[in-house]
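Going left to right, the sequence shown walks through residues 2 to 97 as the working numbering numbers them.
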Amino acid sequence: MKRVIVDYSKLTTDILDLLVEKYPDGYDHSDIISFKNSKGETVKAVEVRTDDTLFLVKISSQLQQTMEDYDSDDDDDDDRDDEFDEIEVSDNFDNE
Numbered sequence: 002m003k004r005v006i007v008d009y010s011k012l013t014t015d016i017l018d019l020l021v022e023k024y025p026d027g028y029d030h031s032d033i034i035s036f037k038n039s040k041g042e043t044v045k046a047v048e049v050r051t052d053d054t055l056f057l058v059k060i061s062s063q064l065q066q067t068m069e070d071y072d073s074d075d076d077d078d079d080d081r082d083d084e085f086d087e088i089e090v091s092d093n094f095d096n097e
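Below you can see the structure in the form of structure tokens.
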């Protein structure tokens, strides 16, 4: 399995989807993994997996905010979809 360490600033929408799905209420201390990187620095991360890749997403205050904002944006999109369902569409496009 491929292992990838990702900083929050490099997150793709696919990884954000996985994070929000796995940690819908945010992550806590039991979800955090600590390890030493190649420079000997301690890194804290949360883990998400796909079929072929293990992503370790570095923990930061910006990560939590990014997840919250992304989840909120998804909720807003869902609300907008509901609004579109309620609108009657006419085939007449008269410009008066």
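Cβ coordinates follow ideal geometry from the N, Cα and C atoms, glycine included.
Just so it is clear, the structure is predicted and the values come from calculations on it, not from any experiment.
Asked	Found
Which two residues bound the contiguous beta strand (DSSP E) that contains Leu55?	Thr54 to Lys59
My output table needs one value for Lys11: the three-state DSSP class, helix, strand or coil.	helix
Leu17: buried (16+ other C-beta within 10 angstroms of its C-beta) or exposed?	buried
Express the C-alpha separation of Ser39 and Leu55 in angstroms, rounding to a whole number.	18 Å
Which same chain residues end up closer than 6 Å to Ser61 when comparing Cβ atoms and leaving out the 5 residues on each side of it in sequence?	Tyr9
Would Lys45 pass as a contact of Ser35 if the rule is Cβ separation under 8 Å?	yes
For Val7 and Lys59, what's the separation of their Cα atoms in angstroms?	6 Å
So, Tyr71 versus Val5, is the Cβ gap smaller than 8 Å?	no
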